[in-house]
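Numbered per our numbering, the sequence shown spans residues 222 to 630.
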Amino acid sequence: MKKEMLVAENTYWVGYVDDRKVPFHRLILEKGTTYNSYLLKTEKPTVIDTVDISFGRDFVETVKNHIDPEDIKYIVINHVEPDHSGGLPALASKAKDAIIVTTELGAEELKEMYKLHDREFLIIKDGDRLDIGGKTLRFFETPYLHTEETMITYCEEDKVLYPCDIFSSHVATKELFNDLAAEDIKEDFDVYYKLIMHPHRPYVQDMITRIRKLDIEMIAPSHGYILRENVDKFIDTYDEMSKPSKEDKEALIVYSTMTNNTKKIANYILEGLEDKGIPAKVIKADKNTNIDEIKEAILKADAIFFGSSTRYADMVGSIEDVLKELKNMDLSSKLGVAFGSYGWSGEAVEVINDYLNESNINVVDRSLIIKSTGMDDVQFPIRIKFNPDEQGKEMLYKSVHTVGDLLVG
Ligand SMILES: Cc1cc2nc3c(=O)[nH]c(=O)nc-3n(C[C@H](O)[C@H](O)[C@H](O)COP(=O)(O)O)c2cc1C
Ligand SMILES: [Fe+2]
Ligand SMILES: [Fe+2]
Numbered sequence: 222m223k224k225e226m227l228v229a230e231n232t233y234w235v236g237y238v239d240d241r242k243v244p245f246h247r248l249i250l251e252k253g254t255t256y257n258s259y260l261l262k263t264e265k266p267t268v269i270d271t272v273d274i275s276f277g278r279d280f281v282e283t284v285k286n287h288i289d290p291e292d293i294k295y296i297v298i299n300h301v302e303p304d305h306s307g308g309l310p311a312l313a314s315k316a317k318d319a320i321i322v323t324t325e326l327g328a329e330e331l332k333e334m335y336k337l338h339d340r341e342f343l344i345i346k347d348g349d350r351l352d353i354g355g356k357t358l359r360f361f362e363t364p365y366l367h368t369e370e371t372m373i374t375y376c377e378e379d380k381v382l383y384p385c386d387i388f389s390s391h392v393a394t395k396e397l398f399n400d401l402a403a404e405d406i407k408e409d410f411d412v413y414y415k416l417i418m419h420p421h422r423p424y425v426q427d428m429i430t431r432i433r434k435l436d437i438e439m440i441a442p443s444h445g446y447i448l449r450e451n452v453d454k455f456i457d458t459y460d461e462m463s464k465p466s467k468e469d470k471e472a473l474i475v476y477s478t479m480t481n482n483t484k485k486i487a488n489y490i491l492e493g494l495e496d497k498g499i500p501a502k503v504i505k506a507d508k509n510t511n512i513d514e515i516k517e518a519i520l521k522a523d524a525i526f527f528g529s530s531t532r533y534a535d536m537v538g539s540i541e542d543v544l545k546e547l548k549n550m551d552l553s554s555k556l557g558v559a560f561g562s563y564g565w566s567g568e569a570v571e572v573i574n575d576y577l578n579e580s581n582i583n584v585v586d587r588s589l590i591i592k593s594t595g596m597d598d599v600q601f602p603i604r605i606k607f608n609p610d611e612q613g614k615e616m617l618y619k620s621v622h623t624v625g626d627l628l629v630g
């Protein structure tokens, strides 16, 4: 399917229009979708995001219409999910010297997924700039929009934001730009927001605050239309829809870990809450942690999950610095849950539970669950030996759903 290719000066759309009914995240996208990839043909040619894993070969052919892939200097991966990074192995095999630009977590995941251990990566941190010869890119970390490793890219000279999943819509559009759309795109845009972004709305608010400081003339997302008319209106829509309302409940997950097993549990808890429409923030408590920031997040949340693995019968990281603060805070309207990965005895989870009991938080334990729901087949606190197997994961989701039900009553 042919599209008008030019997006900005020396910048070409090299994506793929998928006009099937696309299965996606347990849904069917009736109107199909697009995977928008962009080639910035500067002195150091750069590709921003790729296409779905099913279309890697078509993607490389599209890129070849514009450039010899061997000349590509950088491949920016904003988001690791395979609908955007899926074209990377095919492109990287032709773009032999290209450096892959992504977040630290993104790099870890890409290496594992596509066996790219031998490739050169450029790890970006929030706010970093990259000179690509004639244009300057800036990167901002936007965790959980859509998954944890995600970032967005902004081209300073063109004033174009490349936010990947954010500001997308699922439409197999033949037109590139929103002002050329034959139909009103508002509904598709809103539906996409609700399905994909709304469960992460506290993070949407953080992102909006930061992009408000940029001068944005065009938003070039990775699904659906490029927005170049009424750009501010689309940003305002996200801002409005993600504002917390009084009835909305929010959760917080604070954890410490040695080897990320407890972090994996934290992310499963996040998914379980998402199923119940409850947004959650995830904070790792380590030596870089600002305790005041965590206290503020605790006061904002309606349910707080405190996690740690066990090391020599004790907690790890800086979670204890957080727990010590609890008895001086009014947590009487909140639910508190202890969790953690362990090897054989799992004392840390029990110690966390002791701290919760010393505060005035409502500790979610077996007794509270039985008294409020009558269920006796979920286990609190949440103790997971190393990593949960499939059965353990189901149990974990069930426990988290129960907390969700307690919250939304
Ligand atoms: C140095 C060390 C000490 C440990 N001590 C304990 C312990 O006392 N009790 C226990 O149940 N597990 C113990 N473990 C096992 C860890 O709790 C287990 O590997 C857990 O999955 C790690 O989770 P994490 O990756 O979130 O840190 C220990 C592990 C290490 C490396
Ligand atoms: Fe995604
Ligand atoms: Fe996507």
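Ideal Cβ placement from N, Cα and C applies to all residues, glycine included.
Exercise. Quick one: is Met418 buried, meaning 16 or more other Cβ sit within 10 Å of its Cβ, or exposed?
Worked result: Locating residue 418 in the sequence shown gives position 197, counting from the first residue. Label assigned to Met418: buried.
Exercise. Going by other Cβ atoms of all chains shown within 10 Å of its Cβ, with 16 needed for buried, is Lys470 buried or exposed?
Worked result: In the sequence shown, residue 470 corresponds to position 249, counting from 1. Label assigned to Lys470: buried.
Exercise. Heavy atom of ligand 1 less than 7 Å from the Cβ of Met479, yes or no?
Worked result: For the purposes of this step, residue 479 is taken as residue 258 along the sequence shown, with counting starting at 1. Yes.
Problem set entry | Beta-carbon separation (whole angstroms), Ile447 vs Asn399, contact threshold 8 Å | Working through the sequence shown from its first residue, we reach residue 447 at position 226. Working through the sequence shown from its first residue, we reach residue 399 at position 178. With a contact defined as Cβ atoms closer than 8 Å, Ile447 and Asn399 qualify at about 7 Å.
For this session: Within its chain, find whatever has a CB closer than 7 Å to the CB of Tyr576; leave out the 5 residues flanking it on each side and keep chain order.
Result: By 1-based counting over the sequence shown, the position of residue 576 is 355. The residues Leu544, Leu547, in chain order, have a CB closer than 7 Å to that of Tyr576 in the same chain once the five nearest residues on each side in sequence are set aside.
Exercise. Hey, how far is the Cα of Met222 from the Cα of Tyr237?
Worked result: One-based indexing of the sequence shown puts residue 222 at position 1. One-based indexing of the sequence shown puts residue 237 at position 16. Summary for Met222: the model assigns pLDDT 43, below 50, so the residue's position carries little reliability; its value from the coordinates is reported in the next sentence. Across the structure, Met222 and Tyr237 are spaced so that their CA atoms are roughly 8 Å apart.
Exercise. For Phe526, which beta-bridge partners are listed by DSSP?
Worked result: Taking the sequence shown and counting its residues from 1, one reaches residue 526 at position 305. Phe526 is bridged to Ile474, Val558.
For this session: Say yes only if the C-beta of Ser539 is nearer than 7 Å to one or more non-hydrogen atoms of ligand 3, and no if none qualify.
Result: To locate residue 539, count along the sequence shown from 1; it is residue 318. No.
Exercise. Is the beta carbon of Ala563 sitting closer than 8 Å to the one on Val572?
Worked result: For the purposes of this step, residue 563 is taken as the residue at position 342 of the sequence shown. For the purposes of this step, residue 572 is taken as the residue at position 351 of the sequence shown. The amino acid at residue 563 is misidentified as Ala; the sequence shows Tyr. When the beta-carbon positions are compared, Tyr563 and Val572 stay at least 8 Å from each other.
Exercise. Relative to ligand 2, what is the chain-ordered list of residues with a Cβ closer than 5 Å to any of its non-hydrogen atoms?
Worked result: Near ligand 2, meaning a beta-carbon closer than 5 Å to one of its heavy atoms, we find Glu302, His367, Asp386.
For this session: Using beta-carbon positions only, say whether Val475 and Ile582 come within less than 8 Å of one another.
Result: As a first step, residue 475 is located in the sequence shown; it is residue number 254 there, counting from the start. As a first step, residue 582 is located in the sequence shown; it is residue number 361 there, counting from the start. Contact: no.
Exercise. Exposed or buried, what is Ala534 when buried is set at 16 or more other beta-carbons lying within 10 Å of its beta-carbon?
Worked result: In the sequence shown, counting from the first residue as 1, residue 534 sits at position 313. The residue in question, Ala534, is exposed, as its Cβ has fewer than 16 Cβ neighbours within 10 Å.
Problem set entry | Reduced DSSP secondary structure (H/G/I, E/B, other) of Ala393 | Position 172 of the sequence shown, counted from the start, is the residue given in the question as residue 393. Note: Ala393 maps to coil in three-state DSSP.
Problem set entry | Proximity below 8 Å, CB of Tyr170 to CB of Asp239 | No answer is possible for residue 170: it lies beyond the span of the chain, which begins at 222 and ends at 630.
Exercise. At a cut-off of 7 Å, is Phe527 close to ligand 4 when judged by its beta-carbon and the heavy atoms of the ligand?
Worked result: For the structure depicted, ligand 4 is absent and the ligand set comprises only ligand 1, ligand 2 and ligand 3.
Exercise. Looking at C-alpha atoms only, which residue of Glu282, Asp318, Val268, Lys315 is the closest neighbour of Ile298?
Worked result: Residue 298 sits at position 77 when you count from the first residue of the sequence shown. The shortest C-alpha separation from Ile298 is found at Val268.
For this session: Determine the direct distance from the alpha carbon of Met428 to that of Tyr375, and round the result to whole angstroms.
Result: Numbered from its first residue, the sequence shown carries residue 375 at position 154. Numbered from its first residue, the sequence shown carries residue 428 at position 207. Cα to Cα, Tyr375 sits roughly 13 Å from Met428.
Problem set entry | Helix, strand or coil at Leu358 [DSSP, three-state] | Here the question's residue 358 lines up with position 137 in the sequence shown. Strand.
Problem set entry | Assigned exposure category for Val585 - 16 Cβ within 10 Å defines buried | Residue mapping note: residue 585 aligns to position 364 of the sequence shown, counting from 1. Buried.
Problem set entry | Asn482 CB to nearest heavy atom of ligand 1 below 7 Å | On the sequence shown, position 261 is the one that residue 482 refers to. Because some heavy atom of ligand 1 lies under 7 Å away, the Cβ of Asn482 counts as near it: yes.
Problem set entry | CB-CB length for Pro609 against Ala559, believed under 8 Å | Translated into positions along the sequence shown, residue 609 becomes position 388. Translated into positions along the sequence shown, residue 559 becomes position 338. Approximately 16 Å separates the beta-carbon atoms of Pro609 and Ala559; this is outside 8 Å, ruling out the contact.
Exercise. Ends of the beta strand (DSSP E) at Ala501?
Worked result: To locate residue 501, count along the sequence shown from 1; it is residue 280. DSSP places Ala501 inside the beta strand (DSSP E), whose first and last residues are 501 to 505.
Exercise. Which parts of the region 300 to 363 are runs of the alpha helix (DSSP H), unbroken and 4 residues or longer, counting only runs that do not cross its ends?
Worked result: Positions of the alpha helix (DSSP H) runs, each at least 4 residues long and wholly inside the region 300 to 363, are given as 303 to 306, 309 to 315, 325 to 335 in order along the chain.
Problem set entry | Burial state of Lys508 (16 or more Cβ within 10 Å) | Mapped onto the sequence shown, residue 508 falls at position 287. Using a 10 angstroms sphere on the CB of Lys508, the tally of other CB atoms stays under 16, which defines it as exposed.
Exercise. What residue does the beta strand (DSSP E) around Met372 start on, and which one ends it?
Worked result: Taking the first residue of the sequence shown as position 1, residue 372 is located at position 151. Unbroken beta strand (DSSP E) run through Met372: 372 to 376.
For this session: Consult DSSP for Ile298 and reduce its assignment to one of helix, strand or coil.
Result: Looking up residue 298 in the sequence shown gives position 77. If DSSP states are grouped into helix, strand and coil, Ile298 belongs with coil.
Exercise. Helix, strand or coil: which one does DSSP assign to Tyr446?
Worked result: Counting from 1 along the sequence shown, the entry for residue 446 is found at position 225. In this structure, Tyr446 counts as coil in the three-state DSSP scheme.
Problem set entry | 6 Å Cβ shell around Tyr424 - same chain, five flanking residues per side excluded | For the purposes of this step, residue 424 is identified with residue 203 of the sequence shown, where counting begins at 1. The beta carbon of Tyr424 lies closer than 6 Å to those of Tyr365, Leu366 in the same chain, with the five residues before and after it left out.
Problem set entry | Proximity test, His338 beta-carbon vs ligand 3 heavy atom, cut-off 7 Å | Residue mapping note: residue 338 aligns to position 117 of the sequence shown, counting from 1. His338: no, Cβ never under 7 Å from ligand 3.
Exercise. When burial is assigned at 16 or more other CB atoms within 10 Å of the CB, is Asp176 buried or exposed?
Worked result: Summary: the structure shown does not reach residue 176, with the chain confined to residues 222 through 630, and so no result is reported for it.
Exercise. In terms of residue numbering, what span does the beta strand (DSSP E) encompassing Lys606 cover?
Worked result: Reading the sequence shown from its first residue, position 385 is the one you call residue 606. Per DSSP, Lys606 belongs to the beta strand (DSSP E) from 603 to 606.
For this session: Pick helix, strand or coil for Thr480, following the three-state DSSP scheme.
Result: Taking the sequence shown and counting its residues from 1, one reaches residue 480 at position 259. The answer is coil: DSSP assigns Thr480 none of H, G, I, E or B.
Exercise. Based on Cα-Cα distance, which residue from Leu382, Arg449, Asp405 lies nearest to Ile432?
Worked result: As a first step, residue 432 must be located in the sequence shown, where it is residue number 211. Closest option to Ile432, Cα to Cα, is Leu382.
For this session: Compute every distance between the C-beta of Asp304 and the non-hydrogen atoms of ligand 3, then say whether any falls below 7 Å.
Result: The residue given as residue 304 occupies position 83 in the sequence shown. Ligand 3 approaches Asp304 closely enough that one of its heavy atoms is under 7 Å from the residue's Cβ.
Problem set entry | Thr201 - partner residues in DSSP beta bridges | With the chain covering only 222 through 630, there is no way to say anything about residue 201.
For this session: Please work out which residues of its chain come closer than 6 Å, Cβ to Cβ, to Phe342, disregarding the five sequence neighbours upstream and downstream, and give them in chain order.
Result: Here residue 342 refers to the residue found at position 121 of the sequence shown. For Phe342, where only same-chain residues beyond five positions count, the Cβ hits under 6 Å are Ile321, Ala328.
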